[in-house]
Structure formats: structure tokens, C-alpha cells
Amino acid sequence: MYDQILRAANQFGCKAIQYADMKHYTTFHIGGPADLVVEPNSVDALSALLKAAKQDGVKPIILGRGSNVLVPDEGLRKVVFVMGDDFSNIEYAGSNMIRAEAGASVLKLCRFALEYSFGGLEFAYGIPGSVGGAIYMNAGAYGGEMKDVVMVVNHMDYNGEKGSRSGSALDFQYRHSSYMESDLIITSVIFHLEKDNPDAIKMKMDNLMQRRKDKQPLDYPSAGSTFKRPEGFFAGALIQECGLKGKQLGGAQISDKHAGFVINRDNATAKDVLDLITLAQETVLNQKGVLLEPEVRILK
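Everything in the sequence shown is counted per this note's numbering, starting at 14 for the first residue and increasing by one.
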């Protein structure tokens, strides 16, 4: 069924697993099998795989480290390209710039910046997921966002052709970039940073990481913040005020540490998570008049 994709994966030495269990590819640790998971290991391999997918008549789902997605229990009757460890190189690009491939973890990026005494990415230390995913949704925390440090984003279309975007073409807004409305796959990012005192950088990184550990339920699988921040409010506070903090359905729970997180407390299913998301939305809308919009991508 996916003969051309499998042939291209074999040609470039890319990992390819049929009927792969998607819970191994998401931070929620939830989800049934996908028809085929392939891990591209270079830009050339990705281009060849995309062209092969077109020949096979399929459009693959693109995932990074699966930190902001929920896969259904029945799995995906689709092909998934995972931009992970084999697509995660980071290098100094001169003139206060760092180039990172899309599959690199944000944690690895922040540590690399520290090695070169570059400030500006401290806010991101501890954000789960990949560089590509962080750009895609303009990830942010503690007053910083990816838009503050991004110079150029390189991408590829589903025909395997390369391109790039910068400046206003990225259309960075709160948890948004122009890539959300495109059929383009982020392949690498060039960050422009400023030299700073490495001890000061490390202190800020450590302080923010400690704040995360103190306030967030990092001991359990989750997809990070479950809801976007509604204008003028905080999702977690609204959910807590409605008495839902600690509420559990099946194996999923609204964290009793931070109500803005739905966690996989005990072998939760995707249905458990979705039921809890719906309960939170309906309760907050009824009691507070605020509609919570999920930040988690729900794959189908």
C-alpha cells in the first residue's frame, strides 16, 4: 500500500515501522497504531519521502516530539512522518545565530545556546517538544515567545520543494504562526540571539525550570497546557474556580497541582481526555461565560 514510501525510506536508511503504536510518539502516551511511521533523517530524505507519498496517493501527518497532540484510541489510518532524533542537529551559524533542525528538542536548543553564552531563550527552557513544533505554534512562557528570537524559518512543501519565511511572513501571534494555515513543513530554524553572562543565563534557566517543577504536574504524561489562554483570563484559574481541579474521568485527570493541565494519571484513553476537555469547556462556559479553546491538537 505504501510501496514508494517504504522504498524511499529504505534508500535513505530512515526508520520505518508499520502499525506503530502512537503512544510511543506522544508525550500524552496515548493513542492507537498508525498505518506507517517514518522518521526522516535529512532534508534530502524528507524530500524523497514526500515525493514518494505523492506517488502512493497519501498525505502524511507531520509530527515532532508529539508534545501537543492527542491521537485517537483507534489510531490513525494514515502515514506519519516523525521529525525526531534523526532530524535534530544544532549548530552555530555565525554572527550570533544558531541553526536548529526541526526535530531538535527545545531543551537541547536552550542548552546549546547556554554553551555559546547566548541569552534570549531562557523562557523556553522546559517547554516540551521540538523546535519545529515550537515555531509552528509560537510557543512561549514567562513573558517570552519564539517570535522574539526567530530570524528565518526553512520549510518544505508536500511536493518536496524547499523554501523559507522570515519577518512579517511568519505572522507570529499568540500561539499562532502562518504555518498553521499552510501546507508547509518546517525543516530548520535560524535563531538570532545576544551574548550575555553565562552564569546569569544559567541562573535564569534554573529559576524558570524550578518554577515549572513547583507549579506544573511534570510527574505525569500530558500535552502541556490543555487550553489556550482566553483573553483577560487564565484557563487554569477558571477551571479551578468551577470546582474541577482534581476531577478525574477514567484514567484522565484535571491536575490537582495545576488545573490548566489534563494529565494521563492512570492509563488514560483518548476518550477519557476528550470527555474531560468537554466537561471543562461546558462547565466554564455555563458558570463563567467563557469558551475555552483547546491548545492540544486532536488528530483524526
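Idealized CB from N, CA, C, for every residue including glycine.
Residue i, DSSP secondary structure in three states
i	result
ASP48	strand
MET218	helix
PRO234	coil
TYR138	coil
LEU305	coil
Whether residue i touches residue j by CB criterion (9 angstroms)
i	j	result
LEU289	ILE311	no
ASP285	ALA272	no
LEU83	VAL309	yes
MET150	GLY79	no
PRO73	VAL56	no
ILE30	ARG112	no
ASN81	ALA236	yes
LEU63	ASP170	yes
C-alpha distance - residue i paired with residue j, whole-angstrom precision
i	j	result
LYS226	ASP219	10 angstroms
LEU120	GLY142	8 angstroms
GLY263	ALA106	48 angstroms
ASP99	ASN54	5 angstroms
ILE75	GLN294	28 angstroms
LYS258	ARG278	13 angstroms
THR239	GLU207	32 angstroms
LYS175	ALA281	39 angstroms
GLY146	ASN172	21 angstroms
Span of the beta strand (DSSP E), counted from its first residue to its last, around residue i
i	result
GLU104	103–107
THR291	Taken as a continuous stretch (DSSP letters only), THR291 belongs to no beta strand (DSSP E), being part of the alpha helix (DSSP H) at 283–301.
MET169	163–170
ILE30	28–34
Boundaries (first-last residue) of the alpha helix (DSSP H) holding residue i
i	result
GLN186	Neither: GLN186 is in no alpha helix (DSSP H) and is coded neither H nor E.
SER60	56–69
ARG124	119–128
Residue(s) in a DSSP beta bridge with residue i
i	result
LEU76	VAL95
ILE252	According to DSSP, ILE252 bridges with nothing at all.
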